[in-house]
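Residue numbers (this note's numbering): 2 to 259. We treat Cβ as the ideally placed atom computed from N, Cα and C, and that holds for glycine. All of these numbers come straight from a predicted model, not from anything done at the bench.
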């Protein structure tokens, strides 16, 4: 997943956050996202991945520090203006109302008074759901629902996607389809993407990962450098190691854990 980084899109600087009636969860968090980067946000359940994405999207406001989007403080943007630049997709996308695929995708037009050049049908075709455009979303598979919401983000036209576990509970086939689609979007449209995940094998496919525990970044960079045995032990509390096969491909070794 190669990229050309031109400038900083998103910057979190010394961000601190705590939930009501709870201890501070995020402390002095600092990182940036470059133009066209595809970053895997890796960590165990409860490590803080979702909280970090919500801070980056503006859903949560930091008690200290700043979040800047395209060089401006995130809170300076009006909701519609921010939606043109940034799109956040939560992990849970259950919709129990009778919306069709086209209706859901068309929600991506919300920020615009004048519709963008891309149409809902074009976005649907890009994600491979042309034949399902009139189907109710409640009748779709999990992978098809995910692709529907990705089509909505395409129509929305945001240059930064914040995706919370988009591969969760999906069959391997749909995981591959969505990763391939996101990779194509990044290459063709230079979209920046941060994807939360907990699968180390998938993280090995990224050019850059951030390893998270207790709201802190244990390491950031190429997975071959970041995903060491010691850091993986600290993040996941299990003895595992990244090794390479004869062809140079990386894989996870579970040692004597079984």
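- Cβ-Cβ separation between residue 35 and residue 9: approximately 6 Å, consistent with a contact (criterion under 8 Å).
- The distance from the Cβ of residue 47 to that of residue 199 is about 10 Å, inconsistent with a contact at the 8 Å cut-off.
- A straight line joining the alpha-carbon of residue 87 with that of residue 220 spans about 25 Å.
- For residue 206, there is no enclosing alpha helix (DSSP H), as DSSP gives it neither H nor E.
- Taking the Cα of residue 72 as reference, the smallest distance to any Cα among 164, 160, 12 and 158 is reached at 12.
- Under the DSSP definition of a beta bridge, residue 196 partners with 41 and 164.
- Between the beta-carbon of residue 175 and that of residue 129 there is about 11 Å, and that puts the pair past the 8 Å contact cut.
- For residue 65, the enclosing beta strand (DSSP E) covers residues 65–70.
- Per DSSP, residue 175 lies in no beta strand (DSSP E); the unbroken alpha helix (DSSP H) holding it starts and ends at 173–190.
- Remark: three or more beta-carbon pairs, one from each stretch, lie closer than 8 Å, so the segment 149–167 and the segment 188–202 are flagged as touching.
- Short of 6 Å from the beta carbon of residue 242, and not among the five residues preceding or following it, lie these beta carbons of its own chain, in chain order: 230 and 254.
- Taking C-alpha positions only, residue 206 is separated from residue 162 by approximately 18 Å.
- Counting other Cβ atoms within 10 Å of its Cβ, residue 150 reaches 16 or more and is therefore classed as buried.
- Note on geometry: alpha-carbon atoms of residue 14 and residue 68 lie some 6 Å from one another.
- For residue 245, the secondary structure class from DSSP, reduced to helix, strand or coil, is strand.
- Each residue's CA atom was taken as its position, placing residue 30 and residue 237 some 20 Å apart.
- With respect to the C-alpha of residue 195, the residue from 225, 160 and 226 having the closest C-alpha is 160.
- In this structure, the CA atom of residue 180 is about 17 Å from the CA atom of residue 125.
- Residue nearest to residue 170 within the set 61, 250 and 92 is 92 (criterion: CA-CA distance).
- In the three-state DSSP reduction, residue 238 falls in the coil class, being neither helix nor strand.
- Straight-line spacing of the CA atoms in residue 182 and residue 20 works out to 35 Å.
- Every unbroken stretch of the beta strand (DSSP E) spanning 3 or more residues and falling wholly within the segment 46–108 is given here in chain order: 65–70 and 87–90.
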